[in-house]
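*Asks:* Here it is, the structure in full.
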Amino acid sequence: MAARNRWRSFFFRGIEPVSGNSLRLLQSGADFFPALTAAIDAAQHEVHLETYIFNPDSSARAVQAALIRAAQRGVRVRLLIDAVGSRLLPVSWLDSLKAAGVSVLTYRPLITGRLTSPRNLRRLHRKLAVIDARIAFIGGMNLMDDFEPVRFAAPRLDFSVEIQGPLLARIYPSVRRLWQLVQLTQLRKAETAEWVEPSWPTDGRVRAAYVVRDNFAHRRDIERVYLVALARARKEIVLASAYFLPGHRFRKLLKNAAARGVRVQLLVQGHTDHPFYQSAARALYRDLLLAGIEIHEYQASELHAKVAVIDGHWATVGSSNIDPFSLLMAREANVVVDDAGFALDLQQRLHQAIAQSSPLDVTDWQRRPWTQRMLSRLAYGLVRFGVGLAGFGRWV
Numbered sequence: 001m002a003a004r005n006r007w008r009s010f011f012f013r014g015i016e017p018v019s020g021n022s023l024r025l026l027q028s029g030a031d032f033f034p035a036l037t038a039a040i041d042a043a044q045h046e047v048h049l050e051t052y053i054f055n056p057d058s059s060a061r062a063v064q065a066a067l068i069r070a071a072q073r074g075v076r077v078r079l080l081i082d083a084v085g086s087r088l089l090p091v092s093w094l095d096s097l098k099a100a101g102v103s104v105l106t107y108r109p110l111i112t113g114r115l116t117s118p119r120n121l122r123r124l125h126r127k128l129a130v131i132d133a134r135i136a137f138i139g140g141m142n143l144m145d146d147f148e149p150v151r152f153a154a155p156r157l158d159f160s161v162e163i164q165g166p167l168l169a170r171i172y173p174s175v176r177r178l179w180q181l182v183q184l185t186q187l188r189k190a191e192t193a194e195w196v197e198p199s200w201p202t203d204g205r206v207r208a209a210y211v212v213r214d215n216f217a218h219r220r221d222i223e224r225v226y227l228v229a230l231a232r233a234r235k236e237i238v239l240a241s242a243y244f245l246p247g248h249r250f251r252k253l254l255k256n257a258a259a260r261g262v263r264v265q266l267l268v269q270g271h272t273d274h275p276f277y278q279s280a281a282r283a284l285y286r287d288l289l290l291a292g293i294e295i296h297e298y299q300a301s302e303l304h305a306k307v308a309v310i311d312g313h314w315a316t317v318g319s320s321n322i323d324p325f326s327l328l329m330a331r332e333a334n335v336v337v338d339d340a341g342f343a344l345d346l347q348q349r350l351h352q353a354i355a356q357s358s359p360l361d362v363t364d365w366q367r368r369p370w371t372q373r374m375l376s377r378l379a380y381g382l383v384r385f386g387v388g389l390a391g392f393g394r395w396v
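If you count the sequence shown from 1, position 375 lands on 375 in our numbering, and the numbers rise without skipping.
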């Protein structure tokens with residue numbers, strides 16, 4: 001009972017786990033895309049899909065084809081894409097979807113102003129699918145190819161979770177509300193089609209919570225969940241974040257955990273698609289390394305995961321990085337899991353990834369060329385300035 005009460009303390013009012021779920025951890029596109037398309041092909045009533053990136057490539061084509069097949073057999077299909085993340089998606093792809101009967105909405109189209117303005121930075125970054133209100137997929141994987149054999153021998157490292165059970169009672173209303181909100185803000189006519197009246201099996205064994213970040217009542221929920229878990233960690237923290245640029249409270253709790261004997265392992269990008277952002281993040285590494293925190297830069301391929309395991313029991317998988325964009329501005333969705341079996345599975349996969357990474361040595365890190373150190377500090381300063389302009393100066 002004491003152990004169970006301790007794990008309950010990792011949550012708080014408004015973010016409480018639901019029992020009776022079945023969860024399956026999916027790693028990279030080889031797991032994710034077959035599972036997603038199979039669920040869409042089995043849909044009888046409704047498919048709702050949200051994504052940041054919908055790229056014109058083979059993986060996305062398979063999903064597009066599954067959506068079209070579903071719509072053509074009478075399933076209600078809704079697709080919500082982000083205007084920035086999916087800007088490369090050809091109009092012809094959207095036309096094909098719409099011609100088949102798929103309802104398509106674009107989140108926050110860019111009308112005027114700079115891309116870097118606070119309004120335009122508030123993107124739909126979550127990656128979420130709900131099929132027949134009985135199966136959900138939540139994680140970090142966009143609709144795009146994740147394997148570039150010319151560059152890497154392994155696919156991009158990322159995770160998603162397939163969920164069945166009572167947690168859908170919280171996930172499903174969330175996707176409904178956002179769809180209706182986007183319709184309203186774009187002055188679209190409300191749909192006459194009814195949403196599914198769901199029922200969920202309760203025979204699963206996993207307790208899990210659904211946590212979102214939005215621009216209304218849940219602005220800091222994902223960050224709060226992390227902060228509570230970090231503060232209560234006793235043995236080990238394993239955290240992977242593709243874009244890792246935490247605020248001062250997050251960094252303080254990581255260092256406090258290391259100071260009380262918790263082993264803290266951070267898995268971050270070695271290869272990056274945003275070198276400026278990586279340079280800014282590296283300005284924080286010296287302080288963390290001196291505190292006894294282990295930092296590993298993933299080398300086998302690109303790291304895109306946003307996951308963590310604490311004390312072999314608490315785990316989270318989702319779309320939220322540990323950075324200002326995810327924690328302060330974008331719409332995100334994570335699953336937080338209270339289950340030793342799920343946490344152990346994810347932890348083992350992270351340890352395998354760490355074995356394919358380059359550990360950073362604090363002595364070597366302090367001996368980096370002064371030009372690298374100066375550029376990192378400059379990049380970090382510019383990020384701090386931008387975060388301040390967005391109204392979050394105290395966060396950094």
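Glycine included, each C-beta is placed from N, C-alpha and C at the ideal position.
According to DSSP, which residues form a beta bridge with Thr51?
*Replies:* Per DSSP, Ile81.
*Asks:* May I ask you to list the residues that DSSP assigns as paired with Lys127?
*Replies:* In DSSP, Lys127 forms a bridge with Gly139.
*Asks:* Going by DSSP in three states, Glu46 sits in which element: helix, strand or coil?
*Replies:* Note: Glu46 maps to strand in three-state DSSP.
*Asks:* Pull up the distance between the alpha-carbon of Phe147 and that of Arg156, whole angstroms please.
*Replies:* Cα to Cα, the separation comes out at about 6 Å.
*Asks:* Considering Pro397, what are the terminal residues of the alpha helix (DSSP H) in which it resides?
*Replies:* The first residue shown for the chain is 1 and the last is 396, placing residue 397 beyond what the model contains.
*Asks:* With C-beta atoms as the reference, is Tyr243 less than 8 Å away from Gly270?
*Replies:* Not a contact, by the Cβ cut-off of 8 Å.
*Asks:* For Ser22, which residues of its own chain have a beta-carbon under 6 Å away from its beta-carbon, when the five flanking residues on both sides are left out?
*Replies:* Cβ within range, chain order: Gln164, Gly165, Gly204.
*Asks:* Cutting at 6 Å between CB atoms, please list the residues of its own chain near Glu223, excluding the five before and the five after it.
*Replies:* Answer for Glu223: Leu327, listed in chain order.
*Asks:* Give a yes or no on whether the C-beta atoms belonging to Leu346 and Ala315 are separated by under 8 Å.
*Replies:* Yes, these two residues count as a Cβ contact at 8 Å.
*Asks:* Looking only at its own chain, which residues have a Cβ that is under 8 Å from the Cβ of Met1, when we skip the five neighbours before and after it?
*Replies:* For Met1, the predicted model reports a pLDDT of 48, less than 50, meaning its position is unreliable; a value from the coordinates is still stated below. Here the set comprises nothing.
*Asks:* For Gly292 and Ala355, what's the separation of their Cα atoms in angstroms?
*Replies:* The straight-line gap from Cα to Cα measures roughly 19 Å.
*Asks:* Could you tell me the boundaries of the alpha helix (DSSP H) in which Trp370 lies?
*Replies:* 370-389 is the span of the alpha helix (DSSP H), which, as asked, contains Trp370.
*Asks:* Rounded to whole angstroms, how far is the Cβ of Ser19 from the Cβ of Arg207, which I believe are closer than 8 Å?
*Replies:* Right, their Cβ atoms sit about 5 Å apart.
*Asks:* Grouping DSSP H, G and I as helix and E and B as strand, with all else coil, what is Tyr459?
*Replies:* Examination of residue 459 is not possible in this model, given that the chain is present from 1 through 396 alone.
*Asks:* Where Val196 and Ala43 are concerned, what is the direct C-alpha to C-alpha distance, given to the nearest angstrom?
*Replies:* Looking at the two C-alpha atoms, the distance is approximately 12 Å.
*Asks:* I'd like the span of the beta strand (DSSP E) that includes Arg318, first residue to last.
*Replies:* Rather than Arg, the amino acid found at residue 318 in this sequence is Gly. Run containing Gly318: 314-318, per the beta strand (DSSP E) assignment.
*Asks:* Assuming Arg249 contacts Leu284 (C-beta within less than 8 Å), just tell me the rounded distance between them.
*Replies:* Rounded, the Cβ-Cβ distance is 13 Å, inconsistent with contact.
*Asks:* Tell me whether Met1 sits in a helix, a strand or coil according to DSSP, three-state version.
*Replies:* Here the model assigns Met1 a pLDDT of 48, short of 50, so the residue's position is not dependable and the matter cannot be decided.
*Asks:* For Thr202, does the count of other Cβ atoms within 10 angstroms reach 16, so buried, or fall short, so exposed?
*Replies:* Exposed is the call here.
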